[in-house]
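Engineer: I have a structure I would like to understand better, so I am pasting it below and will then ask my questions one at a time.
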Amino acid sequence: MWTFFHKLGSPPWLYAISGSILRWLLPVTILALAVGLLWGLLFTAPDFRQGNSYRIIYIHVPAAVVALAGYYVMAIAGAISLIWKMKMADVAMKSAAPIGAALTFIALVTGAIWGKPTWGTWWVWDARITSMLILLFLYLGVVALYEAYDNKEAAGKACAVLSLVGTVNIPIIYKSVDWWYSLHQPASIKFTGESTIDPSMLYPLLLMITAFYALFTCCLLMNMRSELLKREARTNWVRKLALGGAQA
Amino acid sequence: MYFDSLSAVLHMDGHGGFVWAAYAITLLVLVLLLVAPGRRQKKFLQRLAGELKRARSGPNSMEEEA
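Right under this line is the structure:
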């Protein structure tokens with residue numbers, strides 16, 4: 001167990017192991033995304049009330065779910081780097097922020113596009129949507145804050161604090177559709193109790209959620225790898241990698 | 249397959265524009281997410297390799313500069 005943590009702190013080991021994970025996880029992820037997208041787009045029946053516009057659910061919900069989960073990843077990594085000063089946790093936090101921002105962006109844009117035919121408006125300032133917008137700003141804030149500092153150690157600390165403070169937003173997003181009256185529909189999938197979605201729509205949706213989780217993992221690992229190389233540019237293993245052909 | 253024809257797929261009873269726009273934007277962002285780190289890494293390694301080679305061949309070798 002402890003040797004595992006010890007190895008986790010070793011950049012060359014992390015670089016190698018993430019490379020071998022990505023070799024199979026990346027193709028599987030892309031395949032799952034392709035299957036899920038086509039399934040949702042072409043093979044499911046339309047919703048009886050919303051018609052075909054509901055097909056946006058297959059990207060909107062997975063993006064939103066993983067955007068929230070990604071925030072936990074970022075905040076927990078921030079906490080670890082703050083408390084135990086683990087460099088790799090700092091790398092993970094920095095790498096997670098742009099991915100989370102992209103997913104939140106997808107959730108907001110597809111939500112707006114879905115809102116137009118369904119609610120008759122692109123945007124409403126209700127609790128769910130506004131708190132998602134705050135999530136986007138939190139992610140972008142971490143990205144910008146990191147770049148704003150010349151001293152990367154100070155940058156890491158500031159970003160860790162910002163992401164930890166921002167976690168108050170996450171339960172607000174989850175609960176916003178129950179706490180406030182909203183145009184946004186409440187959750188259709190529940191871990192406890194009956195889901196309010198037909199199985200024929202549930203399965204492609206679950207596939208897409210899984211695929212988005214895998215996508216987040218892939219992107220996180222890839223971002224971490226390129227960040228690792230930059231930070232370790234003066235070490236022998238990175239120099240060997242650079243001279244041994246730039247394709248690795 | 250739920251739809252009968254390609255035009256039905258594109259039209260989606262009037263919702264086609266919305267659905268396809270949402271999927272197109274998502275796909276674009278996902279491709280950028282997947283491609284960007286690899287490109288960044290490749291560029292970085294090429295630059296580093298160039299710096300190292302120059303440092304090695306130069307008369308006033310500045311190894312630590314790389």
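Chains H and A supply the protein sequences, listed in that same order.
Note that the working numbering gives residue 191 to position 191 of the first sequence, counting from 1, and the numbers run on in steps of one.
Here the working numbering runs 248 ahead of the position in the second sequence, where the first position is 1.
Glycine included, each C-beta is placed from N, C-alpha and C at the ideal position.
#1: To the nearest angstrom, how far is it from the Cα of H/Y58 to the Cα of H/S176?
#2: Once you ignore the five residues that flank A/S309 on each side, which residues in its own chain have a CB closer than 6 Å to its CB?
#3: If H/L207 and H/A32 are in contact, beta carbons under 8 Å, what's the gap, nearest whole angstrom?
#4: Considering only their Cβ atoms, is the gap separating H/A242 from A/A269 smaller than 8 Å?
#5: Determine which residues of the stretch 116-130 of chain H have a Cβ less than 8 Å from any Cβ of chain A, and write them out in chain order.
#6: Could you compute how far the alpha carbon of A/E313 sits from the alpha carbon of H/A233?
#7: Listing by chain order, which chain H residues have their CB less than 7 Å from the CB of A/L281?
#8: Quick check on H/G141: does DSSP put it in helix, strand or coil?
#9: For the putative contact between H/R55 and H/L41, defined by C-beta atoms under 8 Å, what is the C-beta separation to the nearest angstrom?
#10: Return the residue from the list H/Q185, H/A92, H/R239 and H/M222 that minimises the CA-CA distance to H/I76.
#11: What residues are listed by DSSP as bridge partners for H/D126?
#12: Is H/A233 close to chain A? Criterion is C-beta to C-beta, closer than 8 Å.
#13: Give the residues from the stretch 265-276 of chain A that approach chain H closer than 7 Å (Cβ to any Cβ), ordered along the chain.
#14: Run through chain H and tell me which residues come within less than 7 Å of A/R288, C-beta to C-beta.
#15: May I ask you to report which of helix, strand or coil DSSP gives H/G244?
#16: In the DSSP assignment, find the unbroken alpha helix (DSSP H) run with H/S163 in it and report its ends.
#17: Who does A/G265 pair with in a DSSP beta bridge?
#18: Comparing the C-beta of H/F105 with each C-beta of chain A, is any distance below 8 Å?
#19: Roughly how many whole angstroms lie between the Cα atoms of A/Q294 and H/G36?
#20: Let's test the definition: count the other Cβ atoms within 10 Å of the Cβ of H/V73 and tell me whether it reaches 16, buried, or not, exposed.
Structural biologist: If we stick to the structure as given:
#1: Taking the straight line from one Cα to the other gives about 21 Å.
#2: Caution is warranted here: a pLDDT of 48 is assigned to A/S309, below 50, making its placement in the model unreliable, and the coordinate value is therefore given only provisionally. Cβ neighbours of A/S309 beyond the five flanking positions: A303.
#3: Sure, about 6 Å apart at Cβ, within 8 Å.
#4: Result no, Cβ atoms of A/A269 and H/A242 do not sit closer than 8 Å.
#5: Answer in chain order: K116 and P117.
#6: The predicted model places A/E313 with a pLDDT of 48, which falls under 50 and marks its position as unreliable; any figure quoted below should be read in that light. C-alpha separation (whole angstroms): 11 Å.
#7: Chain H residues near A/L281: I99, A102 and C219.
#8: Under the three-state reduction of DSSP, H/G141 is assigned to helix.
#9: Contact holds; Cβ gap of about 6 Å.
#10: For H/I76, the closest C-alpha among the options H/Q185, H/A92, H/R239 and H/M222 is that of H/A92.
#11: H/D126 is not bridged by DSSP to any residue.
#12: Between H/A233 and chain A, the shortest Cβ-Cβ separation is below 8 Å.
#13: Result list: F266, V267, A269, A270, Y271, I273 and T274.
#14: Those are S226, listed as they occur along chain H.
#15: H/G244 falls in the coil class under three-state DSSP.
#16: Looking at the DSSP string, the run of the alpha helix (DSSP H) that includes H/S163 is K152 to G166.
#17: Per DSSP, none; premise fails for A/G265.
#18: Taking Cβ atoms only, chain A reaches closer than 8 Å to H/F105, which makes this a yes.
#19: Their Cα atoms are separated by approximately 36 Å.
#20: With 16 or more other Cβ atoms within 10 Å, it is buried.
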